[in-house]
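What follows is one structure encoded as C-alpha cells, with my remarks underneath.
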Amino acid sequence: MFKAIKNTYHKSLGATVAQNLLEMHAKNLDREIDPHMIANRLVEAAWVEKAQLFDGSFGQRPFKSSIAAAAFGKALRDDGFDFDQRCLYAMCLGSILQEIEINGHLYPLNGIDQEILQKCVTDFHSFSEEFAESPLGKDADYIRSFMDRSEP
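The sequence shown finishes on residue 153 if you use my numbering, and the numbering steps up by one all the way, no holes.
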C-alpha cells in the first residue's frame, strides 16, 4: 500500500515538471494542448515501460526531472506521435538535459538517474538526426546558413 502511495507521489512530481515544460514550449510554438493530461499520460507510459527503475526496487528512486526526461524520451521513441508532437517533446527533453548539464551538481541525482538520463541523451540524439533530415530541419539549416552569411 505504501509503495503505491509513493509511486503516485513520484509520478506526480515528474508529471509536474513535464507539464510545466509542455506549457512553456507549447506557448512558444503557439500550440493549444492539454499539458496536464499529456504529462500524466507520458509519465505513466514511461513508468509502465521500466517500473523497476522508478518504483524504488533498486533502493533509490529517480529525481523528478529524470522521471520527466524518461517520459519525453519514451515519447520520442513512440511511433504513435506525429512529427510535430515529437518536436515539442524533444524541446522539452532538451530543456531538461540542458538544465542537468549546467546545474546537475545542485540536484540529488543517483545512479538510477544516470542510467535514465543516458538513455534520454541517446533518444534526443536519435530524434535530432531524424529532425535534421526532415523538411523542417532542412529549412532551419537554410535559414541558419543565410543568417550566418548576412552577419558582418
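From the three backbone atoms N, C-alpha and C, an ideal C-beta is built for every residue, glycine too.
Note that this is a predicted model, so its numbers are computed, not measured.
Cβ-based burial, residue i [other Cβ within 10 Å; buried from 16]
i: Arg-62; result: buried
i: Asp-80; result: exposed
i: Phe-125; result: buried
Rounded separation between residue i and residue j - CA only
i: Met-25; j: Ser-96; result: 11 Å
i: Arg-78; j: Pro-109; result: 27 Å
i: Phe-147; j: Leu-94; result: Residue confidence for Phe-147 is low, a pLDDT of 49 falling below 50, so the modelled location carries little weight and cannot support an answer.
i: Gln-53; j: Glu-102; result: 25 Å
i: Ala-27; j: Glu-33; result: 7 Å
i: Asp-31; j: Leu-23; result: 12 Å
i: Ala-16; j: Ser-129; result: 24 Å
i: Phe-55; j: Asn-104; result: 22 Å
i: His-11; j: Ala-69; result: 10 Å
i: Val-44; j: Ser-66; result: 11 Å
i: Asp-85; j: Met-92; result: 11 Å
i: Lys-155; j: Leu-14; result: Nothing about residue 155 can be read from this structure; the chain reaches only from 2 to 153.
Anticipated Cβ contact below 8 Å, residue i with residue j, distance rounded
i: Ala-19; j: Phe-73; result: 7 Å
i: Cys-172; j: Leu-98; result: Residue 172 lies beyond the range of the chain shown here (2 to 153); nothing can be said about it.
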